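Encoded as structure tokens, the structure appears first; notes follow it.
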Amino acid sequence: MKLFAPLLSSALLVGTAHAGAIDTATRNAVFKSNDALDDVDTQTNDTCITADDDSEVISEASYSGVAAPAPKEYDELGSDLGVEQSIDAIRAKECLATIESARKYVANEVMVDEKYAKTRDLCKNQHKDCTFWSVLGECENNPGYMHVNCAPVCQSCEMLHIETRCPLDPNAVDAMYPGDLSKMFERILSSPEYKQFEPVVVSRPPEGPWMMQFDNILSEAEAQRLIELGGEQGYERSSDVGKQKKDGTHENYVNGGRTSTNAWCVGDCYEDPIAQVVMGRIENITGIPETNSENLQLLRYEHDQFYQVHSDYIPYNLQRPCGVRILTFYMYLNEVEEGGGTNFPHVNNVTVTPKRGRAVLWPSVHDKDPNKKDSRTDHQALPVIKGVKYGANAWIHQRDFKGPNSRGCA
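Quick note on numbering: the sequence shown equals residues -19 to -1, 1 to 391 in mature numbering (1 follows the signal peptide of the UniProt record, and there is no 0).
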């Protein structure tokens, strides 16, 4: 065991709303941190991917009193519950009681009750200060972090699996019910409001799935600003959804079938006036709240880069609060000298060519069952032969995406 020295630095993650829960004597400095429980990409990111919730971090904690030497018998205290725990000299009695209570909880509940079957191996304290933070009340004040990273001392091990942590709301309202996809596309076609965007039907029932092209969805300035925002955010290698992890979330999978780079429009990018206008326009056209959409994915394809045939539909989203991806709204931000089109092999092998300000809207689900995958809209980004291709992608879900994503539930 290591005694927690009175002036030893401690990094304490607390939700902004609960910043007042820690006594002011423990604070010497506050700074901002982005600490996400799950990565949403790739979004898919897992998705429903990138949570970028700002949390306050308290550092350089200050305490009165003198730390006593650590009794030898306390060495490795709490290591049977995960990371060896540090103890604050002033709160030693409370900390020891908390560890003992956690041991009883693990032995008598976690290892016995079947509701913990999926999380027994995950039930570990991940930080040396979990016990100390628990004594300060952070299990109640900052559950989003503590219940996952300090589960034994918070006695929250059932929350380590995403199915338990993120239950489906039986009263949740979907954006699309049977027949609503066709109603949406028909509304877009018939409304004078949308003529300015130059909508053209690429495919429609009964011959094929709905697919619509807009040749004037973005102004030149808007397209250029989205390219700039991608550069400001920083492009990273794109990834797909990988294997399921023990806690029910999924790994990101970088592979040779997808060679582009992308940036997520979060933080300052999300607040950018142009980004807000674009997302509001998509909301207006589709009639679906912007909160149902993932953050804009800003894409860059350089020479020979591509994305092989795939679907945007993610099956496990059926069991997530956000629901499945129902629509893709893809925008082209620049002209490409050669190549880089979006090809739909099962829709008459049509290829939409890049043009600044152009967009394509298509569903990933069936009109008769908007929770069921429609493989007819599988598509691929063809290799860029000459030039560089920039794009912006909005994936729209059945239900609110941004709220669950901020809680690691997407």
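Just so it is clear, CB atoms sit at the ideal spot from N, CA and C, and this is done for glycine as well.
A quick note: this is a predicted structure, and the numbers were derived from the prediction, not measured.
For the pair E275 and F382, the CB atoms are nearer than the 8 Å cut-off. DSSP places W191 outside both helix and strand once states are collapsed to three, so it counts as coil. Taking 8 Å as the cut-off, the beta carbon of V305 is found no closer than this to the beta carbon of H360. A distance below 8 Å between beta-carbons, with the five flanking residues on each side excluded, links Q205 to the following residues of its chain, in chain order: L314. Short of 6 Å from the beta carbon of I208, and not among the five residues preceding or following it, lie these beta carbons of its own chain, in chain order: L314 and Y371.
Within the DSSP secondary-structure output, T358 pairs in no beta bridge.
Per DSSP, the unbroken alpha helix (DSSP H) holding K85 starts and ends at A73 to Y86. A residue is called buried once 16 or more other Cβ atoms fall within 10 Å of its Cβ, and K74, having fewer, is exposed. In the three-state reduction of the DSSP assignment, F325 falls in the strand class, which pools E and B. Just so you know, the alpha carbons of G189 and I295 end up roughly 21 Å apart. Assigned with DSSP and collapsed to three states, H291 falls in strand.
Within the same chain, W191, P344, D348 and P351 come within 7 Å of L162 by CB-CB distance, once the 5 residues on both sides are set aside. Taking 8 Å as the cut-off, the beta carbon of P385 is found no closer than this to the beta carbon of P270.
When C-alpha distances from K109 are compared across R146, E65 and N89, the shortest belongs to E65. The beta carbon of G322 lies closer than 7 Å to those of T332, V333, T334, P335 and L363 in the same chain, with the five residues before and after it left out.
Runs of alpha helix (DSSP H) with 4 or more residues, each lying fully within the region 249 to 309, are found at 249 to 252 and 254 to 267, listed in chain order. Only buried fits H142, as 16 or more other CB atoms lie within 10 angstroms of its CB.
Nearest to R185 by C-alpha distance, out of W376, H327 and L199, is H327. In this structure, F325 lies near T358, with their beta-carbon atoms less than 8 Å apart. The region 284 to 294 makes no contact with the region 244 to 259, as fewer than three CB pairs between them are under 8 Å. Around the C-beta of G160, fewer than 16 other C-beta atoms lie within 10 Å, and the residue is accordingly described as exposed. The three-state secondary structure of G125, taken from DSSP, is helix. S115 places its beta carbon less than 8 Å from that of C135. Inter-residue distance for G238 and H291 is about 10 Å (C-alpha atoms, whole angstroms).
The C-beta of M193 has 16 or more other C-beta atoms within 10 Å across all chains shown, which makes the residue buried. Checking the DSSP bridge columns, you'll see N374 partnered with Q278 and Y311.
If you draw a straight line from the Cα of V369 to the Cα of S241, it comes to about 11 Å. By DSSP's assignment, W343 forms a beta bridge with T309. For S184, the three-state secondary structure derived from DSSP is strand.
Comparing alpha-carbon positions, the option among N330, Y216, V182 and S172 lying closest to G268 turns out to be S172. Only residues of its own chain outside the window of five on either side were considered, and among them F310 and A375 have a CB closer than 6 Å to the CB of I263, listed in chain order. Straight-line spacing of the CA atoms in T79 and M127 works out to 14 Å. Excluding its 5 nearest sequence neighbours in each direction, E316 has C-beta neighbours in its own chain below 7 Å: P335, K336 and R337, listed in chain order.
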